[in-house]
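Note that the protein sequences, when read in sequence, are chains L and S.
Counting in this note's numbering, the first sequence runs from 1 upward without gaps.
Counting in this note's numbering, the second sequence runs from 1 upward without gaps.
Quick reminder that beta carbons are idealized off the backbone N, C-alpha and C, glycines included.
Quick caveat: nothing in here was measured; it's all calculated off a predicted structure.
Worksheet for the structure shown next.
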Amino acid sequence: MEIGSTVPDSVSSRPRRPVRSWRAALVLVAGVIAVPVLVIIASLALPFSGVWQHLLETVLADYVINSLLLMAGVGIGTSLLGVSGAWLTGMCEFPGRRFFGWALLLPMAMPAYIIAYTYTGLLDFTGPVQTALRTGFDLSHGDYWFPEIRSLGGAICMLSLVLYPYVYLLVRVAFVEQSTAVLEASRSLGRGPWQTLFSVALPMARPAIAAGVSLALMETLADYGTVDYFGVSVFTTGIFRTWYGFGELTTAAQLASFLLIFVFIVLALERSSRRRMRFHQGSLRKHPSRIVLRGWRGASALLVSLAMLFAGFLLPAGQLLLWAARNWRGTVDPAFFHIVQNSFLLASLASACCLLVAVFLAYGKRLFPGKLEESLVRLASIGYAVPGIVIAVGVLIPFAWLDNRIDAFARDTFGISTGLLLSGTLAALVFAYVVRFLSVSLQAVESGLTRIKPSVDESARSLGLSAGRVLQRVHLPILRGSLLTALLLVFVDVLKELPATLILRPFNFNTLAVRTYELASDERLADAATPALAIVLIGLLPVILLTRSISRGGGARA
Amino acid sequence: MPSQLQLHEVTVSYDDFTAARNVSLTLDQGQIGCLLGPSGCGKTTLLRAIAGFQPVASGEIRLHGNLIACGGYSLPPEKRKVGMVFQDFALFPHLDVRRNIGFGLTDRDRGDRRQREDEMLQLVGLAGYADSWPHELSGGQQQRVALARALAPEPDILLLDEPFSSLDSELREQLAGEVRDLLKRNNVTAILVTHDQHEAFAMADRVTLLQSGEVAQSDTPYNLYHNPANEFVARFIGQGTIIAVTVGENGELRQGPITLHSAARHGQPGQALRLLIRPDDIQYTEDSALRLPVVGRSFRGAEYLYELEMPGGQRVHCLTPSHVTVPVGSKLPVAFHLQHVVVFTP
Chain L
1 MEIGSTVPDS
11 VSSRPRRPVR
21 SWRAALVLVA
31 GVIAVPVLVI
41 IASLALPFSG
51 VWQHLLETVL
61 ADYVINSLLL
71 MAGVGIGTSL
81 LGVSGAWLTG
91 MCEFPGRRFF
101 GWALLLPMAM
111 PAYIIAYTYT
121 GLLDFTGPVQ
131 TALRTGFDLS
141 HGDYWFPEIR
151 SLGGAICMLS
161 LVLYPYVYLL
171 VRVAFVEQST
181 AVLEASRSLG
191 RGPWQTLFSV
201 ALPMARPAIA
211 AGVSLALMET
221 LADYGTVDYF
231 GVSVFTTGIF
241 RTWYGFGELT
251 TAAQLASFLL
261 IFVFIVLALE
271 RSSRRRMRFH
281 QGSLRKHPSR
291 IVLRGWRGAS
301 ALLVSLAMLF
311 AGFLLPAGQL
321 LLWAARNWRG
331 TVDPAFFHIV
341 QNSFLLASLA
351 SACCLLVAVF
361 LAYGKRLFPG
371 KLEESLVRLA
381 SIGYAVPGIV
391 IAVGVLIPFA
401 WLDNRIDAFA
411 RDTFGISTGL
421 LLSGTLAALV
431 FAYVVRFLSV
441 SLQAVESGLT
451 RIKPSVDESA
461 RSLGLSAGRV
471 LQRVHLPILR
481 GSLLTALLLV
491 FVDVLKELPA
501 TLILRPFNFN
511 TLAVRTYELA
521 SDERLADAAT
531 PALAIVLIGL
541 LPVILLTRSI
551 SRGGGARA
Chain S
1 MPSQLQLHEV
11 TVSYDDFTAA
21 RNVSLTLDQG
31 QIGCLLGPSG
41 CGKTTLLRAI
51 AGFQPVASGE
61 IRLHGNLIAC
71 GGYSLPPEKR
81 KVGMVFQDFA
91 LFPHLDVRRN
101 IGFGLTDRDR
111 GDRRQREDEM
121 LQLVGLAGYA
131 DSWPHELSGG
141 QQQRVALARA
151 LAPEPDILLL
161 DEPFSSLDSE
171 LREQLAGEVR
181 DLLKRNNVTA
191 ILVTHDQHEA
201 FAMADRVTLL
211 QSGEVAQSDT
221 PYNLYHNPAN
231 EFVARFIGQG
241 TIIAVTVGEN
251 GELRQGPITL
261 HSAARHGQPG
271 QALRLLIRPD
281 DIQYTEDSAL
291 RLPVVGRSFR
301 GAEYLYELEM
311 PGGQRVHCLT
321 PSHVTVPVGS
331 KLPVAFHLQH
341 VVVFTP
């Protein structure tokens, strides 16, 4: 915090110097944060190894096609679910509407890989559903057809079920903020309520739908746990295999840069949609009138909402609870608590680091607004779009290089080998988390800061407070909520993170997410339930935060 | 010929609040009506009831002779053939100007629709803006698009909800005049909602002044100003004060020693009345024997508005040419010249 307290003071006395040193510090911080992504892009300039020939001949086409199919499927799935939910709870009136308004966000607490494990346990050959089918109809193996959950289609369903809240959130806000007058104008021009939905309300929400879908697609591209478990070959599994199987770090980085092309296309879509959203925003509604759904319409609205909530949260959470209740004696042991401790330590460290950097960047931008600062902050917050596995590879390469240089230097100067000093330590992992999740805390801090108008600073200064006292007596009290939000959001995101943790964790260092992954990979689904349930429970915290802002009629986090 | 719009004892209520009570009014083809009143008087509610966004509790609304709403029945807005211009214009942000204007023309074929769109663009003077987007237009242009969009399907009646309130005050009067000309040229029946009497007078043939949901007076602007039906109307329309007077022996109206009007025939001698005094009823007369103390004045450029104190302590307003400068505390020589004597019995 000393940053904010010292600088404005010196600004008033000596305006030139601090600007320059702040700028230098901003460039440095943003530059360091951008290193992993830049390394990945730069890897394209390195020679392509022989492994590429193999990749081209065998799996690369699969990666591209599967990634595209997965994106198309999740795009359709999340927009169908998200828009219907938003329409029902935002524009209609039916029994349970208020409850579903926030309850439909609950699937957000469920990481995709965990819901994938749960549904596999439910739906595979030995699971309760097929067993019941066989005993009920007296069938045996091969007598009947049942959809294979561990497939591309299954992955699409799993990802859609937990990622639709992104679309739901943004579209619901778009619907609620649509000026009633615009909808009434359509009615008075001769279009009925359903025609108005399709010719006015939905087209006006298009930018919000696109923005929500692109957020869901970023998560889809970043997903590793689900596709790996379902055996779907996409870029993330390919990168992991290339690095783990072939030990080809450069090839993995080059593969990652191809994945980045997809990411940047989605990112461009998201940015342009958000720009267009501004034109489509109306004022808050003056005569909020909902379409009242009565009789069978109301019943089906209730049923649709309930089905979404059931499939996306209640059923998998219930199954996890059941498994955990049956197995907790075997799984809740000192080792488990050690893992919980590890997870909390990592998440606390990372969220504190993220907050520090975010406050530094946000204040830098506020105190010295300029084009350069703006683009630096943007560069530093690009991580939210970049898959964790890409960041992990991007961290691994420079850290390994640095280790080698230090080792060589130590051997030359002192005659001792330092070995791998940084890679494989918590430092590398925390750095990767900061790169990945900085934008989350940055967004929270910035949204808090923008609520403090410059005139507030000025009036406090004119009332005789020094800049440091302004920070202490005005900014911090106003920002406290935002800072806590920033901490909490990153904390939970880190706790759920899988691929980067898997690659960068120190040897034998386990977290809840890694433990869940390992147990599930060994087909010990019931044992995996305890750590998974812990993740889901902690994941509920930010959802609760969000639901509070929803019931206040407020907007979206992202 | 049936009248174009007919409201017969219409009552509109929200859950437990009656926003409009027993309102009746009629508009003939080509007439422009206005619902005028302070905020919360129920004027917007009535407009929304005519448009079909608000059900009526009792009474009847007929459009072009057909019943469109009564207690327990409400024709959906899309079936009513009403055009509406909203306060914030409510243009469709995802459609360009041409498609905004053509939005209500679904029952026409393409060529027909295009022709009508062109006609409307021409009519509101936006022929060059067919491909523009709403957010690229100025407030005045957006308003004209909203007008063209509402008029394109040739509605039986045009409803305007405070259509000028989001525009600059200078633009407002100019546009009000332009819109009136346009509606009159095209023989459009319209009804306007406003709280601004200047707007009402500039636009409407017939003004209905509402007070807490009830009609205070429904009349021409001229009559509303010069023959107000009650004290509320007298106070709301124009600038004026109402003072207590008594009727003299010869029928003259006087307050204390001052004779305000001599030849009127109002009330019985000795009766107490309340008299409406407008600023133009009191004239600055240099050699007048009547001098009233000045308690306040404000400079208006071409004129001064003086606030004067009557012997009874009541205050009245007086307009003088701006070269007449009498400081506060001194006395201003004036004479009463009441053109229209408006009195109310207390």
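So, for Thr567/L: in the same chain, excluding its five sequence neighbours on each side, which residues have a beta-carbon less than 6 angstroms away from its beta-carbon? Any answer about residue 567/L is impossible in this case: the structure gives chain L only from 1 up to 558.
If contact means a Cβ-Cβ distance below 9 angstroms, which residues of the segment 61-83 of chain S contact chain L? Pro76, Pro77, Glu78, Lys79, Arg80, Lys81, Val82 and Gly83
In the DSSP assignment, what residue or residues form a beta bridge with Asp161/S? Val193/S
Counting contacts by CB-CB distance shorter than 8 angstroms, is Gly104/S in contact with chain L? yes
Report yes or no: is there a C-beta of chain L within less than 8 angstroms of the C-beta of Ala90/S? yes
Short-range partners of chain S found in the segment 174-196 of chain L, where Cβ spacing is below 9 angstroms: Ser179, Thr180, Ala181, Val182, Leu183, Glu184, Ala185, Ser186, Arg187, Ser188, Leu189, Gly190, Arg191, Gly192, Pro193, Gln195 and Thr196
Is there a Cβ from chain L that is less than 8 angstroms from the Cβ of Ala51/S? yes
First through last residue of the alpha helix (DSSP H) which encompasses Tyr517/L: Leu512 to Ser521
Taking the straight line between their C-alpha atoms, what separation do you get for Ala486/L and Glu446/L? 10 angstroms
What does the Cβ neighbour count give for Phe287/S, buried or exposed, with the cut at 16 atoms within 10 Å? Note on identity: in this sequence residue 287/S is Asp, with Phe being the wrong assignment. By the 10 Å Cβ count, Asp287/S comes out exposed.
Starting from the N-terminal side, write out each stretch of the alpha helix (DSSP H) that is 4 residues or longer and does not extend beyond the segment 370-448 of chain L. 371-380 and 388-414
If you pair each beta-carbon of the segment 179-196 of chain S with each one of the segment 25-36 of chain S, do three or more pairs fall below 8 angstroms? yes
Identify each residue in the segment 201-221 of chain L for which the Cβ-Cβ distance to at least one residue of chain S is less than 8 angstroms, and report them in chain order. Pro203, Met204 and Arg206
Given that a residue counts as buried once 16 or more other Cβ atoms are within 10 Å of its Cβ, and exposed if not, what is Pro134/S? buried
I need the boundaries of the beta strand (DSSP E) containing Met84/S, first residue and last residue. Val82 to Val85
Determine whether the Cβ of Phe164/S lies closer than 8 angstroms to any Cβ atom of chain L. no
Can you name the residues of chain L whose CB is closer than 8 angstroms to the CB of Pro346/S? Per Cβ cutoff of 8 angstroms: no residues; Pro346/S is ~41 angstroms from chain L at best.
Have a look at the DSSP bridge pairing and note the partners of Gly296/S. Glu307/S
Chain L contact residues for His195/S, given Cβ-Cβ distances below 9 angstroms: In chain order: nothing, as chain L lies at least about 16 angstroms away.
Between the Cα of Val395/L and those of Ile291/L, Ala210/L and Thr250/L, spot the shortest distance and give me the residue it belongs to. Thr250/L
Along the segment 136-166 of chain S, what residues have a CB closer than 9 angstroms to any CB found in chain L? Ala146, Arg149, Ala150, Ala152, Pro153, Pro155, Leu159 and Asp161
Quick test of your reading: Gly82/L and Tyr164/L, contact by CB under 8 angstroms. State the CB separation rounded to the nearest angstrom. 4 angstroms
Rounded to whole angstroms, what is the Cα-Cα separation between Glu497/L and Ile389/L? 10 angstroms
CA nearest to the CA of Gly104/S, picked from Thr196/L, Phe175/L and Pro387/L: Thr196/L
I'd like the ranges of any alpha helix (DSSP H) spanning at least 4 consecutive residues and lying wholly in the segment 228-284 of chain L. 235-244 and 249-280
Between Ala69/S, Leu167/S, Gly52/S and Thr11/S, which has its C-alpha nearest Gly42/S's C-alpha? Thr11/S
Could you tell me which residues DSSP puts in a beta bridge with Leu463/L? DSSP lists no partner for Leu463/L.
Just checking my contact of Leu512/L with Val340/L at CB under 8 angstroms: how many whole Å lie between their CB atoms? 7 angstroms
Cβ-Cβ distance between Leu489/L and Leu361/L below 8 angstroms: no
Taking the Cβ atom as the reference point for each residue, do Asp403/L and Leu429/L lie within a distance shorter than 8 angstroms? no
Please report how far the alpha carbon of Val543/L lies from the alpha carbon of Ser21/L, in whole angstroms. 39 angstroms
In this structure, does DSSP put Val207/S in helix, strand or coil? strand
Mind checking who Lys331/S pairs with in its DSSP beta bridge? Pro293/S
Can you find the residues in the same chain that come closer than 7 angstroms, C-beta to C-beta, to Leu167/S, ignoring five residues on each side of it along the sequence? Gly139, Gly140, Gln143 and Leu175
Assuming contact is defined by CB atoms lying nearer than 8 angstroms, are Lys331/S and Val294/S in contact in what I supplied? yes
Please classify Cys157/L: does DSSP put it in a helix, a strand, or coil? helix
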